[in-house]
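For reference, the structure discussed in these notes is given below.
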Amino acid sequence: MAEVSSVPAPGIPPVGEDERSTELPQDSTMEESQSSDPSMYRYIKNDLFTSEIFKVEIRNLPKFIGFNDLKKFLAKQNLNPHKIKLFGKQTFAFVTFKNEEERDKAMKLVHGMQWKGQVLNVKLAKPKADPIMRKRKQEGSEGPPSKRTEGEEEEEEQPLSVQIANVVTPLWNVPYDEQLRRKEQEVVAVLQRLAKEIGNTNKAMLPWLFAQKGKYNKMCCPLEDIRPSPTQTEYRNKCEFLISMGADGEDKTVGFRLGKYKGGSCAVVGPAETSHVSAEAKRVVSEFQKFIRTTTYSVYDPETYEGHWKQLTVRTTRTGQAMAMAFFNPQKLNEEELDALKTSMKHYFTEGEGKDGGITSLYFVREGQRTSPNPEDLPCELVGGESCIHEELLGLKFRISPHSFFQVNTGAAEVLYSTVGEWAQLDENSTVLDVCCGTGTIGISLAKRVKKVIGIELCQEAVEDAKVNAKLNGLSNIEFHCGKAEDVFPIILSGLVASNLTAIVDPPRAGLHSKVILAIRRAEHLKRLVYVACNAKAAMNNFIDLCRAPSNRVHGAPFRPVRALAVDLFPQTMHVELVILLERVGYDTQPPGNSGSQQQQPGP
Numbered sequence: 001m002a003e004v005s006s007v008p009a010p011g012i013p014p015v016g017e018d019e020r021s022t023e024l025p026q027d028s029t030m031e032e033s034q035s036s037d038p039s040m041y042r043y044i045k046n047d048l049f050t051s052e053i054f055k056v057e058i059r060n061l062p063k064f065i066g067f068n069d070l071k072k073f074l075a076k077q078n079l080n081p082h083k084i085k086l087f088g089k090q091t092f093a094f095v096t097f098k099n100e101e102e103r104d105k106a107m108k109l110v111h112g113m114q115w116k117g118q119v120l121n122v123k124l125a126k127p128k129a130d131p132i133m134r135k136r137k138q139e140g141s142e143g144p145p146s147k148r149t150e151g152e153e154e155e156e157e158q159p160l161s162v163q164i165a166n167v168v169t170p171l172w173n174v175p176y177d178e179q180l181r182r183k184e185q186e187v188v189a190v191l192q193r194l195a196k197e198i199g200n201t202n203k204a205m206l207p208w209l210f211a212q213k214g215k216y217n218k219m220c221c222p223l224e225d226i227r228p229s230p231t232q233t234e235y236r237n238k239c240e241f242l243i244s245m246g247a248d249g250e251d252k253t254v255g256f257r258l259g260k261y262k263g264g265s266c267a268v269v270g271p272a273e274t275s276h277v278s279a280e281a282k283r284v285v286s287e288f289q290k291f292i293r294t295t296t297y298s299v300y301d302p303e304t305y306e307g308h309w310k311q312l313t314v315r316t317t318r319t320g321q322a323m324a325m326a327f328f329n330p331q332k333l334n335e336e337e338l339d340a341l342k343t344s345m346k347h348y349f350t351e352g353e354g355k356d357g358g359i360t361s362l363y364f365v366r367e368g369q370r371t372s373p374n375p376e377d378l379p380c381e382l383v384g385g386e387s388c389i390h391e392e393l394l395g396l397k398f399r400i401s402p403h404s405f406f407q408v409n410t411g412a413a414e415v416l417y418s419t420v421g422e423w424a425q426l427d428e429n430s431t432v433l434d435v436c437c438g439t440g441t442i443g444i445s446l447a448k449r450v451k452k453v454i455g456i457e458l459c460q461e462a463v464e465d466a467k468v469n470a471k472l473n474g475l476s477n478i479e480f481h482c483g484k485a486e487d488v489f490p491i492i493l494s495g496l497v498a499s500n501l502t503a504i505v506d507p508p509r510a511g512l513h514s515k516v517i518l519a520i521r522r523a524e525h526l527k528r529l530v531y532v533a534c535n536a537k538a539a540m541n542n543f544i545d546l547c548r549a550p551s552n553r554v555h556g557a558p559f560r561p562v563r564a565l566a567v568d569l570f571p572q573t574m575h576v577e578l579v580i581l582l583e584r585v586g587y588d589t590q591p592p593g594n595s596g597s598q599q600q601q602p603g604p
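Just so we're aligned, residue 1 is where the sequence shown starts under this note's numbering, counting upward by one.
If you want it as structure tokens, here you go:
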């Protein structure tokens, strides 16, 4: 269900997404010189959340282990790391946690443990140096800057509109047919890799797999033609804009970051000439930029941690509504000063110069005393207009709150959900489990043709929206549960006795928690699963575990991929949604290779 953001949201500078890194850590001399400079670590002040202050180093790891191996190992100890960083073939890793309690628990449990013959050593680790401050220090100590490459010089000579297009919409100058071809080739590679992995983890499926690969270009299942987005420009209904110094030198500019923070860049370029942002969102950005330039408050500076204006999130709908969320660091302002600012903001957009900006829902978000990594935990105050916006999709109505998930390309989402409904093979006796359901879009779109829909979602706001959306559309056969999928899903699944049960999962980028996968495998009455992946490579472990042979860890008959399809929700980028239909293998029925059901006997 996770959307692909146009640009990384402004946040704490170091470390980015969980990743397996191929680079080596900084040399010890540089680390020592930086550790003596307090400016390198100003971001770990108490009023800013960063998992870098809850960081450990795990040494003496077994050779050849990867990111997913370490993640699974920690999960077995009931540990929930925030980020994991490995360095090539090195036998150590850095792991961060969300709080001191989880970090200390990890140190106590893992230190001294044996893993694949290696005794692990765990110790506290220093935070990573601020990338911008490190770059400034290097520039100051290394003399004149190194000679730029020809490509870098050409890039800097291009207009800012071209430079920012290359960052946020890297395929903007590629014909759309060619974009689709490239994305389809990416999906082909994913399905070919999955075929290999299934062969490695489930030998009993080899005869069936051999036949599949022969028929489908070495893929594990047929891949249907990619479905294009109905619109290729101005399709995004949600964008996160950074507020910073403009790359053109204009202060208080609202736009997309031109480079990456870790590359030492904070300059932004406005979205006026970008192809994927809607005209309505551009109008909101323009008016909001005018407003903040009338205020005395400066933009937030991630180098000095001073200043106020940080980010503007804009959501728009096809019904003509627009929500704006202004992220503001209050620093040491008192409540009277903040109230005056909010009053001024409300007046500007409801009665003043910004009243024609199209904002129907205006929020003020305090992002200063941040003690949680979750944006939905930030204080979010309605300043003006309605508390929600509303969208129409597949003839249905949906309420959307500030933190609720809703696919960023509404037209393409209709294509996606129609495909899901078709593949799920539902009837009036079906029960649908909608996992990571967001505002309930998938389940609600299917509810009229099934007996019951059960939705599971982590975000409380989204669950409330989903319940309202069910009522808005006159549905009484649908219920929603709030909580982590790995906690809620197994409980619900164990209590269901429906014979015609189908699960539809649309998880965030990282995929489903292993507990959810294990629960799906155990529930043998669940015969059909539709998996919607916004990052197929990240979801690969889920696919493998669904199909692997039963073991002491994985109980229940495996699934097999039946068909796959890509839907382009993100034109002008390389991102694409992948839909895979998986069906339960019948171990006690027909032998593998049978031309009918292609089911399998138990392996040795």
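The C-beta atom is built at its ideal place from N, Cα and C for all residues, glycine as well.
Membership of residue 381 in the beta strand (DSSP E) is indicated by the continuous run 380-385. Here residue 182 is exposed. Its C-beta has fewer than 16 other C-beta atoms within 10 Å. The secondary-structure analysis by DSSP pairs residue 114 across a beta bridge with 119. Apart from sequence neighbours up to five positions away, the residues of its chain that approach residue 184 with a beta-carbon distance below 7 angstroms are 226 and 566, ordered along the chain. Between residue 574 and residue 86 the beta-carbon gap is near 24 angstroms, outside 8 angstroms, which marks them as no contact.
Rounded to the nearest angstrom, the gap between the Cα atoms of residue 475 and residue 379 is 32 angstroms. Distance from the CA of residue 562 to the CA of residue 288, rounded to the nearest whole angstrom, comes to 49 angstroms. DSSP places residue 347 within a helical segment (H, G or I) once states are collapsed to three. DSSP lists 306 as the bridge partner or partners of residue 301. As the crow flies, the alpha-carbon of residue 381 is around 5 angstroms from that of residue 363. Residues 394, 441, 442 and 445 of the same chain have their beta carbon placed closer than 7 angstroms to that of residue 417, with the five preceding and five following residues left out of the count. When the beta-carbon positions are compared, residue 283 and residue 357 come within less than 7 angstroms of each other. Inter-segment contact for the region 59-67 and the region 80-99 is present: three or more beta-carbon pairs are separated by less than 8 angstroms.
Looking at the DSSP output, residue 325 sits in a beta bridge with 313 and 363. Between residue 269 and residue 160 a beta carbon distance of about 5 angstroms is seen, short of the 8 angstroms cut, so the two are scored as contacting. One Cα belongs to residue 401, the other to residue 438, and the distance between them is close to 11 angstroms. Per the C-alpha coordinates, the member of 453, 483 and 531 positioned closest to residue 433 is 453. For the options 221, 310, 106 and 122, the alpha carbon positioned closest to that of residue 257 is the one of 310.
Taking all protein chains shown into account, residue 527 has 16 or more neighbouring C-beta atoms within 10 Å of its C-beta and is therefore buried.
Using a Cβ-Cβ distance cut-off of 8 angstroms, the region 301-316 and the region 231-241 are in contact, since at least three pairs of beta carbons, one from each stretch, lie closer than that value. Membership of residue 216 in any alpha helix (DSSP H) is not indicated, and neither H nor E is assigned to it by DSSP. DSSP places residue 59 within a strand segment (E or B) once states are collapsed to three.
In the structure shown, the three-state DSSP call for residue 295 is coil.
When C-alpha distances from residue 326 are compared across 548, 390 and 254, the shortest belongs to 254. DSSP places residue 161 outside any beta strand (DSSP E); the residue lies instead in the alpha helix (DSSP H), whose first and last residues are 160-168.
The Cβ neighbour count for residue 177, taken over all protein chains shown within 10 Å, is under 16; the residue is labelled exposed.
Spatial neighbours of residue 224 in its own chain (CB-CB distance under 6 angstroms, excluding positions within 5 residues in sequence) are listed in chain order as 565.
In terms of CA proximity to residue 73, 110 leads the group 110, 57 and 504.
A Cβ-Cβ contact shorter than 7 angstroms links residue 197 with residue 544. Taken through DSSP and simplified to helix, strand or coil, residue 557 comes out as coil. Straight through space, the alpha carbons of residue 473 and residue 550 are spaced by roughly 42 angstroms. Around the beta-carbon of residue 200, fewer than 16 other beta-carbon atoms lie within 10 Å, marking it exposed. Contact between residue 329 and residue 367 holds, since their C-beta atoms are separated by about 6 angstroms, short of 8 angstroms.
Counted as a single uninterrupted DSSP element, the stretch harbouring residue 93 is not any alpha helix (DSSP H) but the beta strand (DSSP E) occupying residues 92-96. By the neighbour-count criterion, in which 16 or more other beta carbons inside 10 Å mark a residue as buried, residue 164 falls on the buried side. For the pair residue 507 and residue 518, the Cα-to-Cα distance works out to about 15 angstroms.
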